[in-house]
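Here the sequence shown is numbered in the UniProt record's numbering, starting from 1 and rising by one per residue. The beta carbon of each residue, even a glycine, is placed where N, CA and C say it ideally should be. In what follows, a single structure is set out as structure tokens and then discussed.
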Amino acid sequence: MTRRMLDCREVPSDSGCSLTLTGSEDEVLEAGAAHAVAVHGHTDGPELRDALRGALRDAPQATGPGAFVQLIEFRTQHYDQMDGLIDGWASEIGADRTAQWMIMGRDRDHADTYVEVVEFPSAEAAQANSDSPVTTAFAGKMTALCDGPVGFRNLDVIRAMTP
Numbered sequence: 001m002t003r004r005m006l007d008c009r010e011v012p013s014d015s016g017c018s019l020t021l022t023g024s025e026d027e028v029l030e031a032g033a034a035h036a037v038a039v040h041g042h043t044d045g046p047e048l049r050d051a052l053r054g055a056l057r058d059a060p061q062a063t064g065p066g067a068f069v070q071l072i073e074f075r076t077q078h079y080d081q082m083d084g085l086i087d088g089w090a091s092e093i094g095a096d097r098t099a100q101w102m103i104m105g106r107d108r109d110h111a112d113t114y115v116e117v118v119e120f121p122s123a124e125a126a127q128a129n130s131d132s133p134v135t136t137a138f139a140g141k142m143t144a145l146c147d148g149p150v151g152f153r154n155l156d157v158i159r160a161m162t163p
């Protein structure tokens, strides 16, 4: 069974709520409706349920063989702006997003150096992401904030372990 998720960070809101719900579609819709009523002041009903159903997406799965991981290394003195660009990209690309998950790390040994790890279900999904006009526009803005070239490593996952 594919797990589904709702992420308040992906739904337009003034509250800045960061709750993410994951489970079966029915479980997530029930919990999401209860949360929307209790925290956001919505009224439960068909309109709310339809809106929540439209915001559902498949939950990221554990990475395994056949997946594709991209490492993106860059230097910038403007990380706060970069972070905002990433949020803007995620919002704008919406349901067309092929990236399953990402992790951003700051290098402890090299000031202003960051490495982003992005997982895709396949190299083809990564290419579809790269070909998106939303990603192309994001890449241009990202490069403008960087101190030097952006480095990429493209990795086919051949082994993965989860606890």
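The C-beta of Met142 has 16 or more other C-beta atoms within 10 Å across all chains shown, which makes the residue buried. The beta carbon of Asp112 lies closer than 8 Å to those of Arg75, Thr76, Gln77, Tyr79 and Asp147 in the same chain, with the five residues before and after it left out.
Approximately 6 Å separates the beta-carbon atoms of Leu52 and Leu6; this is inside 8 Å, confirming the contact. One alpha carbon belongs to Ser18, the other to Leu56, and they sit about 15 Å apart. Beta-carbon to beta-carbon, Phe138 and Gln70 are separated by about 14 Å, too far to satisfy the 8 Å threshold.
A check of alpha carbon separations from Thr22 across Glu30, Ala90 and Phe120 identifies Glu30 as the nearest.
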